[in-house]
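Asker: First the structure, then my questions, so here it is.
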Amino acid sequence: MAAVQVAGSLPCGLPREAPREPTPEQDNGFWRLSARLCALRPDDSSSARTEIHLLFDQLISENFSEGSGVAPEGVSALLVQACRLVPLNQNHLVSKVSQLIHHLLNRLQVIVDEQNLDFLLPYTISAIQQCSSWTHMEILQAMAALVYCNGSKCQKYLPDLLGKTGILTKLSDLAQSDLEVRRAAVHCMANLCLSVPGQPYLEEPYQNICFQAFLTTLQSLKSSDMDDVTFCMLLQNALKGIQSLLNGGKMKLTQTDKLGALLAVLKKSMFHGLPGLNIEMPMVLYPAPLPQYDGRPLVKPQPPESGTFRPTLNKKKKSRIKPKKIQQGEEEEKESSGEIEAAPVTGTGRANTHEGNTWCSSSLSVQSLPLDGSGPAGKDGVSLPFSSSSWKRVSSSESDYSDAEGGVQSKMRSYQAKVRQGALACFLSTVKSIEKKVLYGYWSAFVPNTPELGSPQSVSLMTLTLKDPSPKTRACALQVLSAILEGSKQFLSVAEDTSDHRRAFTPFSVMIASSIRELHRCLLLALVAESSSQILTQIIKCLANLVSNAPYNRLKLSLLTKVWNHIKPYIRHKDVNVRVSSLTLLGAIVSTHAPLPEVQLLLQQPCSSGLSNSNSATPHLSTPDWWKKAPAGPSLEEASVSSPKGSSEPCWLIRLCISTVVLPREDSCSGGDAGSAAGVTYEPSPMRLEALQVLAHLARGYFSMAQVYLMELGELICKCMGEADPSIQLHGTKLLEELGTGLIQQYKSDSTIPPDQRVPVFLVVMFWTMLLNGPLPRALQNSEHPTLQASACDALSSILPEAFSNLPNDRQILCITMLLGLNDSKNCSVKAATSRALGVYVLFPCLRQDVIFVADTANAILMSLQDKSLNVRAKAAWSLGNLTDTLIANMETPDPSFQEEFSGLLLLKMLRSAIEASKDKDKIKSNAVRALGNLLHFLQPSHIEKPRFAEIIEESIQALISTILTEAAMKVRWNACYAMGNVFKNPALPLGTSPWTSQAYNALTSVVTSCKNFKVRIRSAAALSIPGKREQYGSVDQYVQIWNALVTALQKSEDTTDFLEFKYCASLRTQICQALIHLLSLASASDLPGIRRRLELNRNMVQSYILQFLKSGTQGDDTRGPHSPQERDHMVKVALKHISSVQAVAGDTSKRAIVGFLQETLTIYFDSSESQVALLELKNR
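Numbering (the numbering used here), first residue to last: 2 to 1182.
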């Protein structure tokens, strides 16, 4: 009677609040029965037990469902009262009340609150401990329903449940003889592992106990007396438990054996019950470059349903003949027989929610287009396996099936398919929870490779994609493969098969290349064989992931050609999702390692090529020249007339994308929520957006083709920016930015494009004039859509400087005025984009000498530097660096008017802001110190003489010194060393006499000898070689200290533990040698003894490196030093001449020693050079 005593402490009764909905018949029935139950009092008489039995039977027989208006509080109160009435010595009643708990919580989708859980859970624990073993199955089902999504509230009961002698630990053990009880215990454990966002999760020791229990279950073999369905459900529950641990508990699989054991059971479970296949796996998989332990005993041939190619026409006919059923069995029957699945289960299937049959975690989402209005409809739709809507508790009841609905075999195939789906869902969680570099150690176990001659193909995820009769399983396998391929670029970059390898062994690079080829082959096979639109979409997305990551520049040609030719017919598929993903794949092809010669040829193919190869999957293709319709507007035709010379062959893909965006949608292509204007219906918005993205990719990677359509694309952009849909407008501005960037690249000084193949400047001016007279200013002023404003700013900053100077004067003023005005925007994105654009404009040759514009820009940038947003400050700091570059550029012009007119007060403000910014985050520091160096270089003698500048100069240099010595990012320290070199270039600064001189040199010598990053060392050595007068190096001690530091740096130029730094060793030695020779060319008589002392210690080392410098010169980091051999030996000759001319102190032998050193070095160099010349002449003869 313990249960009665516990129950007595809790009040029983109906909840205070009324039902949420108007009370239907079901609701009346529930409250009527609940009231009768609450009226009873604990009584051990036979009549009382009979009445309780009858009440329980009535409650269980009622067909309650979620949304019937029954409050969760009422359900919990009823269950508490029911348990109060049932003493634990009444086995039959305990069994019945357990069934009631399971039934009501399932049917009404109730999560028990903590107060009632604290009564009900101890009751079920006590029931298992005290009641007969035949009741355990029902009690465990009740417990599973109670703990579902309540794991965080069960912490105090975990020792009783999961401890060494815990109930679930014992009942889930392999030694448990009752298989149903074992399955129910594993299911209960899996429900405990479910996570609730914001709630604490299981502690790590309990996570490990559960993981080991699940793993042991998956590793166990099916015993002869075990029912097939029970075994499948056992595996499903164990897989669901591991998935919950990985998703909610963020369990780390750091141990190789632990991860290998999990991957082994997952691979085995992935193929569970797959017709025609039976693989044997080891207990643990280990990282290996080759497929391992892929033992497959011979099996009898299976029915045609397991074949690689699934005929589609028969299936469609069959599905039409079958009468529609609403029972849950229909889904399993259709899935197991290879047909297209029904829609998500509703009604009774929705209510049965406590058992692990459906494998879809809420944390695993699928990136796909909406499937309601624009997606596949009717019987062609397959619910995605890992979507959030399908993760619900499902029933273990076997009464949902009957022989009449498909028979035992159909039911069995359905359960086996769900095990495979569960294994794939769990594998997907595993992929997301481990590092990619760890995952790729197991690449060969899950990704196909080209089989050796005479060897069978290894089983992999592609085996499921090609051969599994269940559409949902095929979709799961493709999702996992996509997750593995995502972010694999670095791993796949080692692949190489451009040359034939005839060796005794196969290099790893060739194996990876073989795997990539096999992936292409299998995915294209799957593309041809598939009939479901939704799975076609998954296959094409998977191909896009592969294309984005594969190193085609290191692979043999034809891979992309095959993908290209296979995907072209799907551009006009009847389903919009297939069409969109086809464009996504084409976008991936034109953006991978662009420009590729193979893709260039594909783009130049005639537009009809490949489109007539329609297959059964694409019955709705129209004629190949469907996109040749001319868009509205007379100037579209004029574009080709005024296009530049270059690629004369039109690009069919550009024509396709333009037509997709601007032409009305054809009736044959269904499935669109397309917008309409004046009765015109366009392609669905996702299709048009994808087409615009492909155009942007083409403009970025294959601009020589896009430039032929420049004016036509300009009109397309105007049309997009004039539409109501902000997404279309945004993608239009992104395309504009790419086109602008492509034009700038053509006119860069280092461009390899011949002038006659560039877009003429007058055409670029026409292009931008059209946009500035069109909707671009409107987009810049559209404050309702700040993202569009920011993108428009980025686009405006991509204007070609040569074109800007030729724009009408009012358009130039419009650009500048709008940018300066938008700098006051309250939106961070807009302000950041504006700051960046101003930083671009200030470098334009036609604007940089305009003192008023430069001053206005400076004030705008200084204001942005005070912004709260880190991104705004970072862009403003970059623009400030550009603005100060402009100041330096103006110093080099013969006209001094700019320096004279530029405000000294503004210079002070800029210096103060740069000093403050140099104390900010690293992202801002690097440009702040660059600006400081430029500003100190720009200061004129008239500024430096003023007392108010003395203090700010000192602060600025101290900020640079502090940045050089700090442990900041290497980019920051590099910029600080570069800035200090700029300071040394200003002859008006008191370098050598001021107190900060020694501090600056000490900072640079510290870096050149000890910094881990060699590029920073190179830059500091370059800064040390900039002062042009001996006085600027300060005292003799200071000079000798710099000399000694450079010799030490030369000695340590190979001391590094970072392999990546070795490539800069030669460049560092070159720069140090240049600095040493520069110091020698300025040395005074009093400096010579210090130089001689160090040379005596390291003569051979210094001489050998100077000889290397004379022979090889600068490599790697360009420090603007001498590059030709004549320049380098001239430096040494100048140093020798200078030392020879120094009037040495009487009796000092230092001069003779140094002169002798230099003469010997030059003699060795010239002797070796003459020998090489003579040797070459001899060879020529």
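Beta carbons are placed, not taken as given, at the ideal position from N, Cα and C, and that holds for glycine.
1) Taking the alpha carbon of Leu-118 as the reference point, which residue from His-104, Ile-817, Arg-931 and Val-148 has its own alpha carbon closest?
2) Tell me where the alpha helix (DSSP H) around Gln-959 begins and ends.
3) State yes or no: is the C-beta of Ile-1078 nearer than 7 Å to some heavy atom of the ligand PLP?
4) Quick test of your reading: Ile-129 and Ile-168, contact by CB under 8 Å. State the CB separation rounded to the nearest angstrom.
5) Within the continuous alpha helix (DSSP H) that includes Pro-942, where are the two ends?
6) Quick check on Ser-225: buried or exposed, where buried means 16 or more other Cβ atoms within 10 Å of its Cβ?
7) Let me check one thing: in DSSP terms, what residues is Pro-665 bridge-paired to?
8) Where does Ser-826 fall in DSSP's three states?
9) What beta strand (DSSP E) runs, 3 residues minimum, are completely inside the segment 504-566?
10) For the segment 784-852, which segments carrying the alpha helix (DSSP H) assignment without a break, of at least 4 residues, lie completely within its bounds, in sequence order?
11) Below 8 Å, how does it come out for the segment 521-534 and the segment 544-551: are there three or more Cβ pairs, yes or no?
12) Any idea what DSSP makes of Cys-477, helix, strand or coil?
13) Among the residues of its own chain, which have a CB less than 7 Å from the CB of Val-841, if the five just before and after it don't count?
14) Starting from the C-beta of Leu-717, find all residues in its chain whose C-beta is less than 7 Å away, skip the five residues before and the five after it, and write them out in chain order.
15) Please classify Val-529 as buried or exposed, where buried requires at least 16 neighbouring CB atoms within 10 angstroms.
16) Use the C-beta contact count for Gln-758: other C-beta atoms within 10 angstroms, 16 or more gives buried, fewer gives exposed.
17) Where does Tyr-1166 land, buried or exposed, given buried means 16+ other C-beta within 10 angstroms?
18) Leaving aside the five residues before and after Gln-458 along the sequence, list all residues of the same chain whose C-beta is less than 6 Å from its C-beta, in chain order.
19) Spell out a yes or no on whether the segment 434-451 and the segment 277-290 are touching, meaning 3 or more CB-CB pairs, one atom from each, closer than 8 Å.
20) Please report the straight-line C-alpha distance between Ser-995 and Met-911, rounded to a whole angstrom.
21) Under 8 Å, with one C-beta from each stretch per pair, do the segment 228-238 and the segment 425-438 reach the 3-pair mark?
22) Since Val-831 and Gln-782 are thought to touch, with beta carbons under 8 Å apart, how far apart are those beta carbons, to the nearest angstrom?
23) Can you check the segment 701-736 for any alpha helix (DSSP H) of at least 4 residues that lies completely inside it and give the ranges in chain order?
24) Where in the segment 977-1016 do unbroken runs of the alpha helix (DSSP H), each at least 4 residues long, occur, reported from the N-terminal end onward?
25) So for Gln-1127, helix, strand or coil by DSSP?
26) Extract the residue ranges of the alpha helix (DSSP H) inside the segment 1013-1094, only unbroken runs of 4 or more that lie entirely within it.
27) Give a yes or no on contact between the segment 976-994 and the segment 925-940, applying the rule of three or more CB pairs nearer than 8 Å.
28) Does the segment 250-269 come close enough to the segment 408-419 to have 3 or more Cβ pairs within less than 8 Å?
29) I need the DSSP call for His-137, collapsed to helix, strand or coil.
30) The alpha helix (DSSP H) with Phe-763 in it runs from where to where?
31) Between Ile-541 and Ser-583, how many whole angstroms is the CB-CB distance? I'm expecting something under 8 Å.
32) Leaving aside the five residues before and after Cys-194 along the sequence, list all residues of the same chain whose C-beta is less than 8 Å from its C-beta, in chain order.
33) My understanding is that Ala-951 touches Ile-965, with C-beta atoms under 8 Å, so please give their C-beta distance in whole angstroms.
34) With three or more beta-carbon pairs closer than 8 Å as the criterion, would you say the segment 744-759 touches the segment 680-697?
35) If you reduce the DSSP assignment to three classes, tell me which class Thr-451 lands in.
36) Express the C-alpha separation of Ser-533 and Ser-515 in angstroms, rounding to a whole number.
Answerer: If we stick to the structure as given:
1) Val-148
2) 948-966
3) Among the components modelled here there is no ligand, and therefore nothing to report on the ligand PLP.
4) 5 Å
5) 942-945
6) exposed
7) Tyr-683
8) coil
9) none
10) 787-797, 802-805, 810-823 and 829-842
11) yes
12) helix
13) Ser-798
14) Ile-659, Val-662 and Val-663
15) exposed
16) exposed
17) buried
18) Pro-452
19) yes
20) 23 Å
21) no
22) Contact doesn't hold; Cβ gap of about 11 Å is too wide.
23) 704-707 and 711-722
24) 997-1011
25) helix
26) 1015-1025, 1037-1052 and 1066-1081
27) yes
28) no
29) helix
30) 762-774
31) 6 Å
32) Gly-152, Leu-203, Gln-208, Cys-211, Gly-242, Ser-245, Leu-246, Gly-249 and Gly-250
33) With 8 Å as the limit, Ala-951 and Ile-965 do not qualify as a contact, their Cβ atoms being about 22 Å apart.
34) no
35) coil
36) 29 Å
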